[in-house]
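Chains as they are written, first to last, in the working numbering: chain A, 1 to 167; chain B, 168 to 334. Where is the CB? At the ideal position from N, CA and C, for every residue including glycine.
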DNA sequence: TTAAACTTTCAAAAAATAATGAAAGTTTAT
DNA sequence: ATAAACTTTCATTATTTTTTGAAAGTTTAA
């Protein structure tokens, strides 16, 4: 497998995996491309490399910047904008976890809390709904907190301890 | 908010969240419905409650059974099949984590390994590709192992320790 | 201030995904 | 063995999501 094939394989796989962290194919592919590029790329470069339209490139780059994992880079002497990805994989994970928590987990927790707080009318079904959503709330709360901890500052203590266990 | 509204809110939210764990809306909604039902439901019940077709119900129930979080329940004296969801939220999470790892993370890791093993031809781009995919491989490997550990047996030691930290 | 270089927006088109429903398939009771 | 009760399959239709491309917008250089 040569460079070109390997790069395409990586970009393709990463693109297909986009759903894992909730983004579309083009967005994931742009990210993959920037992640393995030694230098920042222009929109032109990206369009050409991935075979996508200008509008598509523009919108998805904006999306990646909203996620906070891609940013504009000023290249001296160049008029157009260049883009680069966050290169540190831990930092990448940290940002993604934080964003997903904010965008999806927190809103869900709000609903779980709301639903589990309805009045108990004595009906079996109502009681089950309250019980199950309460359990779910507590679980998600713990899981989210764990994820954030793991992925955040406290990497030292917790991660090191865990990693020791896993080796 | 009464029972009906609360139930619909939960089912709707859970459905919208389906993408978080990679399943479609109907599938997530069926799961939500079964999760908060005190008793097993027939396909008829599910179709009616969610307003979906028979074919849709059938296929998505099968999908949920493939995930291993919904199963058939035999109700004595009834000819038709009844379905119930795994009710323990930790068990649910464990199953989902295991399946996602098997379906998505493992295949991705295989590609990362493959791509990071190409021959170093001395080119800067090739070297960057190798370096970045290697880093990603190592990170995903650790994260996957952590997730599995956390979600699996060793809950006692690790989880308790972590939970203590998070309270 | 003008115009070239570049980027963004968004209505329309294309592609991908999900849902329907009726025919085919299965199981069970008699 | 038959038929009623029920489930699955899958070609077709509907819906949703993504992509395009050209017009509108912005920035920069002269």
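The Cβ-Cβ distance between residue 239 of chain B and residue 245 of chain B does not fall below 7 Å. With a threshold of 7 Å between beta carbons, residue 304 of chain B makes no contact with chain A. Annotation: residue 73 of chain A is outside any alpha helix (DSSP H); the continuous beta strand (DSSP E) that includes it extends over 70-73. The alpha-carbon of residue 169 of chain B is positioned some 19 Å away from that of residue 135 of chain A.
Judged by DSSP secondary structure, residue 225 of chain B falls within the alpha helix (DSSP H) whose first and last residues are 221-234. For residue 272 of chain B against residue 307 of chain B, the beta-carbon gap comes to about 7 Å, under 8 Å, which counts as contact.
By the beta-carbon neighbour count (other beta carbons within 10 angstroms, threshold 16), residue 15 of chain A is buried. Annotation for residue 252 of chain B: the continuous beta strand (DSSP E) segment containing it runs 249-252.
Excluding residues up to 5 positions away in sequence, 36 lie with their Cβ nearer than 7 Å to the Cβ of residue 7 of chain A in the same chain. The continuous alpha helix (DSSP H) containing residue 182 of chain B extends over residues 170-183.
Here DSSP, grouped into helix, strand and coil, assigns residue 209 of chain B to strand.
With a cut-off of 8 Å on Cβ pairs, the segment 57-66 of chain A is in contact with the segment 23-34 of chain A, counting three or more such pairs. The DSSP-derived three-state label of residue 49 of chain A is helix. Straight-line spacing of the CA atoms in residue 292 of chain B and residue 277 of chain B works out to 21 Å.
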